[in-house]
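Participant: Please read through the structure below; I'll follow up with questions.
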Amino acid sequence: MQLSPKAVARFLGTRLLHSAIVLLGVMIVVFALIQLVPGDPVRLALGTRYTQESYDALRAASGLDRPLWEQFFTYIGSAVTGDLGVSFRSGQPVTALLLERLPATLSLAGVGLLIGLLIAVPAGIWAALREGRIADGIVRITSQFGVSIPDFWMGMLLILVFATGLGWLPSSGYIPFSESPGGWLRQVTLPAVTVGTVAGAILTRYVRAATLDVANMGYVRTAKSKGLAPSTVTIRHIMRNALVPVLTIAGIQLATILSGVIVVEVVFAWPGLGRLVFDSVASRDYPMIQGAVLLIAVMFLLVNLIVDVLYALVDPRIRLA
Amino acid sequence: MTDPTPTPENPTATDVEPEADGRVAAWKLLAGNPVTLFSVIVLVIILVVALLAPWLAPYGVNQTDVTRALQSPSAEHWMGTDDLGRDIFSRIIVASGTSLQIALVSVIFAFVIGVPIGIISGYLGGITDTVLMRCVDVMFAFPVLLLALAIVAILSPGQLTTMIAIGVVFTPIFARVARASTLSVRVEPFVQVSKTMGTPGWWILLRHILPNITGPVVVQTSLSLAFAILSEAALSFLGLGIQPPNPSWGGMLFDAQGFMSQAWWMSVFPGAAIFVTVLAFNLLGDGLRDVLDPKQRTLAEARRKA
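Chains W and B, in that order, are what the protein sequence lines are. First residue of the first sequence: 1, per the numbering used here; consecutive thereafter. First residue of the second sequence: 1001, per the numbering used here; consecutive thereafter.
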């Protein structure tokens, strides 16, 4: 297949349009969150701090005193320009608070995904090449263990052993990478291993399945019968093709990782988005919850868009589908 | 956590063939797999313990005794006591009932709403399919726990909210699985023939489509039960699921965080309870997949005959 610029442009166009539609849907859901709160969200958020003045001020600031359709278009309009309103709790802009927390979450999710791939790629390929043998069985059962373990419990067990038990690593806290790379590494290790082990267990199953698909193909048999060394067949013929679908799965898996990160951040007192959502739910800071949910969903859509586009550029078969 | 994205293709059409052609009954294949059999036995034990918990529990779940606080496991307190002197074993077995109940109700909720959406979407195709599937795509853009958290933030925390939250976030998963299977069954000759004979659409859905997509949907149900238990535990851990003083596995783990260095048993046993239950559902799901997915089934049958 020759890469025709027209076909690529058409694929990109369809894919972008699809993302835009889903993004609009995501924004409608996020907008609806605050409308669905039974009772008056501003009244609920103020709680014991309620005075008529503070109530009126907050209600006007959040635009909740205007008609619904106007609120909706204002919300979409401001969200597109990066204005997500003000926090009920602190009165500060939601966007600024979110961006402040973003690096901590991204570094945790990133290192976690890296650890996951470092576990999954070798384990998955190794198991697939020994399909049906004991090694394969061990990898499959172990990955099932990893899938079934609650991430926050895994984090607690790691703290129990490596922090309170052996005293090797800190049990909580965060140091930005820019301040001290060494300190950051010490802090990120336990939470990232927690996130990575669970992600690795899930990814292992996909790598194994993808490798099996490729390993049973005719061209691999041909390569083998030509007398190529098994390592050459594995690396040049199997891995190159098996890792393409794994890229997509890793993108989708990001959603699971972000889910896990919320709880793991609470366990390790990691000042990221998850911790922020947790605190905001507790204090009924609805604009903050809306903002965080929107940001995480947008990140997920963006990563999947990038992965899909890369995937299509690498593998022409996808564009034909 | 369990994979939330279902596989797109699961042609189950071959499953309709009668038993007379020498195929092995599904339950026989299931029982022949030691891992599946083991997970079923574990699940039955958990279910029995959950049902009989009020009679089996040696102590009351909220029977506090400060003089016996933070005791390590002993003959008297098999899994030790917590910071208020409550018996951890009693709390764990009573909490198992709540966990299973929430998981069952929320998965049934997701099933009852998601499967019809998926079947209708896949069968009708066209604009209905496009609209419904874009809605499903939107739901999939939110991480499961995040969406559940947002739902809990809207309604106030509690057992019913937890069920609704988990049920809602699982609905699109069932819709996708049901749609994918419907798409593959829809083009089968027996459906096409039935259509040309003028059979009404609802009858085709009920009589021809539904029975032929049960395989993937049953597998998804088992895996979802595992994931629902994990989600409930996570929500309760965050203080947004089951509310104290009612015992829950997640809530017990949250309490344990303050006593990591003094009382390891507070964090080890409730987590182990979640782990064993979730593992059993996952292994059962895997076993069911081996039998109900025709591609895998041929393998399972071959192994059995060999």
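Note that CB positions come from ideal geometry on N, CA and C, so glycine has one too. All values reported here derive from a predicted model rather than from experimental measurement.
Given this structure, state the Cα-to-Cα distance separating L294/W from T81/W, to the nearest angstrom.
Facilitator: For the purposes of this step, residue 294/W is taken as the residue at position 294 of the first sequence. For the purposes of this step, residue 81/W is taken as the residue at position 81 of the first sequence. Whole-angstrom Cα-Cα distance: 13 Å.
Participant: For R284/W, which residues in chain B fall below 8 Å Cβ to Cβ?
Facilitator: Here residue 284/W is taken as the residue at index 284 of the first sequence, counted from 1. Those within 8 Å of R284/W in chain B are A1153.
Participant: Check each candidate in V1169/B, A1075/B and N1212/B and name the one with the smallest Cα separation from A1227/B.
Facilitator: Looking up residue 1227/B in the second sequence gives position 227. Correcting the residue identity first, residue 1227/B is Phe in this sequence and not Ala. The candidate whose alpha carbon is nearest that of F1227/B is V1169/B.
Participant: Name the chain W residues whose beta carbon is nearer than 7 Å to that of V1138/B?
Facilitator: Locating residue 1138/B in the second sequence gives position 138, where the first residue counts as 1. Within 7 Å Cβ-Cβ: V22, G25, V26 and V29.
Participant: Cα separation between P191/W and V1268/B?
Facilitator: Against the first sequence, residue 191/W aligns to sequence position 191. Against the second sequence, residue 1268/B aligns to sequence position 268. Spanning the two alpha carbons is a distance of roughly 18 Å.
Participant: Does DSSP put P103/W in a helix, in a strand, or in coil?
Facilitator: To locate residue 103/W, count along the first sequence from 1; it is residue 103. Note: P103/W maps to helix in three-state DSSP.
Participant: Please classify Y75/W: is it buried, with 16 or more other beta-carbons within 10 angstroms of its beta-carbon, or exposed?
Facilitator: For the purposes of this step, residue 75/W is taken as the residue at position 75 of the first sequence. Burial call: buried.
Participant: Let me see if you follow: with CB-CB separation under 8 Å, is P1004/B close to chain W or not?
Facilitator: Taking the second sequence and counting its residues from 1, the one referred to as residue 1004/B is at position 4. With a pLDDT of only 41 at P1004/B, under the threshold of 50, the placement of this residue in the model should not be trusted, and no figure is reported.
Participant: I'd like to check one pair, G63/W with Q52/W: are the Cβ atoms closer than 8 Å?
Facilitator: For the purposes of this step, residue 52/W is taken as residue 52 along the first sequence, with counting starting at 1. For the purposes of this step, residue 63/W is taken as residue 63 along the first sequence, with counting starting at 1. Going by C-beta atoms, Q52/W is not nearer than 8 Å to G63/W.
Participant: Starting from the Cα of W270/W, find the closest Cα among V198/W, R130/W, L108/W and F177/W and give me that residue.
Facilitator: By 1-based counting over the first sequence, the position of residue 270/W is 270. When only C-alpha atoms are compared, the closest one is L108/W.
Participant: Is the CB of V121/W under 8 Å away from at least one CB in chain B?
Facilitator: For the purposes of this step, residue 121/W is taken as the residue at position 121 of the first sequence. Answer no: the Cβ-Cβ gap between V121/W and chain B never drops below 8 Å.
Participant: Between the region 185–202 of chain W and the region 111–123 of chain W, do at least 3 Cβ pairs fall closer than 8 Å?
Facilitator: The region 185–202 of chain W, when compared against the region 111–123 of chain W, does touch it at the 8 Å Cβ threshold.
Participant: Can you tell me whether T194/W is buried or exposed, with buried defined as 16 or more other CB within 10 angstroms of its CB?
Facilitator: Counting from 1 along the first sequence, the entry for residue 194/W is found at position 194. Burial call: buried.
Participant: Which of the three DSSP states is assigned to D1290/B in this structure?
Facilitator: Numbered from its first residue, the second sequence carries residue 1290/B at position 290. Note: D1290/B maps to helix in three-state DSSP.
Participant: Terminal residues of the continuous alpha helix (DSSP H) containing Y286/W?
Facilitator: For the purposes of this step, residue 286/W is identified with residue 286 of the first sequence, where counting begins at 1. Element bounds for Y286/W: Y286 to V314.
Participant: Could you spell out the range, first to last residue, of the alpha helix (DSSP H) harbouring G1126/B?
Facilitator: Against the second sequence, residue 1126/B aligns to sequence position 126. Per DSSP, G1126/B belongs to the alpha helix (DSSP H) from G1126 to F1140.
Participant: List the endpoints of the continuous alpha helix (DSSP H) containing G1250/B.
Facilitator: Counting from 1 along the second sequence, the entry for residue 1250/B is found at position 250. Run containing G1250/B: W1249 to A1256, per the alpha helix (DSSP H) assignment.
Participant: Residues of chain W with CB under 7 Å from N1282/B, in chain order?
Facilitator: Taking the first residue of the second sequence as position 1, residue 1282/B is located at position 282. Here the neighbours are Q144, V147 and S148.
Participant: On a Cα-Cα basis, can you pick out the residue from I138/W, L106/W, G291/W and L33/W that is closest to L98/W?
Facilitator: For the purposes of this step, residue 98/W is taken as residue 98 along the first sequence, with counting starting at 1. Measuring from the Cα of L98/W, the nearest candidate turns out to be G291/W.
Participant: Closest Cβ-Cβ distance between F278/W and chain B: below 8 Å?
Facilitator: Position 278 of the first sequence, counted from the start, is the residue given in the question as residue 278/W. Yes - at least one Cβ of chain B is within 8 Å of the one on F278/W.
Participant: Counting contacts by CB-CB distance shorter than 8 Å, is M1260/B in contact with chain W?
Facilitator: Locating residue 1260/B in the second sequence gives position 260, counting from the first residue. So, interface residue.
Participant: Between G251/W and the rest of its own chain, which residues show a CB-CB distance below 7 Å, the 5 nearest in sequence each way excluded?
Facilitator: Here residue 251/W refers to the residue found at position 251 of the first sequence. Result list for G251/W: V303, N304 and V307, in chain order.
Participant: From this set, D1129/B, D1087/B and P1157/B, which residue's C-alpha is nearest T1067/B's C-alpha?
Facilitator: Working through the second sequence from its first residue, we reach residue 1067/B at position 67. When only C-alpha atoms are compared, the closest one is D1087/B.
Participant: Rounded to whole angstroms, what is the Cα-Cα separation between L247/W and E131/W?
Facilitator: Residue 247/W sits at position 247 when you count from the first residue of the first sequence. Residue 131/W sits at position 131 when you count from the first residue of the first sequence. For L247/W and E131/W, the distance between alpha carbons rounds to 22 Å.
Participant: Could you name the residues of chain B that L160/W contacts, counting a contact when the two beta carbons are closer than 7 Å?
Facilitator: As a working note, residue 160/W is residue 160 in the first sequence. Neighbours of L160/W on chain B, chain order: M1260, W1264 and S1267.
Participant: DSSP three-state label for T142/W, please.
Facilitator: Numbered from its first residue, the first sequence carries residue 142/W at position 142. Looking at T142/W - three-state DSSP - the assignment turns out to be helix.
Participant: Does DSSP put V214/W in a helix, in a strand, or in coil?
Facilitator: Within the first sequence, residue 214/W is the residue found at index 214, counting from 1. Helix.
Participant: Any beta-carbon of chain W closer than 8 Å to the one on V1049/B?
Facilitator: Residue numbering aside, residue 1049/B sits at position 49 when the second sequence is read from its first letter. Answer no: the Cβ-Cβ gap between V1049/B and chain W never drops below 8 Å.
Participant: Can you grab the Cα-Cα spacing for the pair L46/W / I296/W, in whole Å?
Facilitator: Taking the first residue of the first sequence as position 1, residue 46/W is located at position 46. Taking the first residue of the first sequence as position 1, residue 296/W is located at position 296. C-alpha separation (whole angstroms): 26 Å.
Participant: Taking the beta carbon of R133/W as the centre, do at least 16 other beta carbons fall within 10 Å, making it buried, or is it exposed?
Facilitator: Here residue 133/W refers to the residue found at position 133 of the first sequence. So R133/W counts as exposed.
Participant: DSSP three-state call for D279/W: helix, strand or coil?
Facilitator: What you label residue 279/W is simply residue 279 of the first sequence in a count that begins at 1. Three-state DSSP puts D279/W in a helix.
Participant: Compute the distance between the beta-carbons of L169/W and T189/W, then report whether it is under 8 Å.
Facilitator: Start at 1 with the first residue of the first sequence, and residue 169/W comes out as number 169. Start at 1 with the first residue of the first sequence, and residue 189/W comes out as number 189. Result yes, Cβ atoms of L169/W and T189/W sit closer than 8 Å.
Participant: Checking contacts by CB at 8 Å: is T164/W closer than that to chain B?
Facilitator: What you label residue 164/W is simply residue 164 of the first sequence in a count that begins at 1. Closer than 8 Å: yes.
Participant: Which residues in chain W sit within 9 Å of L1240/B, going by Cβ to Cβ distance?
Facilitator: Within the second sequence, numbered from 1, the residue matching residue 1240/B stands at position 240. Neighbours of L1240/B on chain W, chain order: F278, V281 and A282.
Participant: Using a threshold of 8 Å, state whether the C-beta atoms of V1042/B and I1093/B are closer than that.
Facilitator: Mapped onto the second sequence, residue 1042/B falls at position 42. Mapped onto the second sequence, residue 1093/B falls at position 93. Contact flag unset, no.
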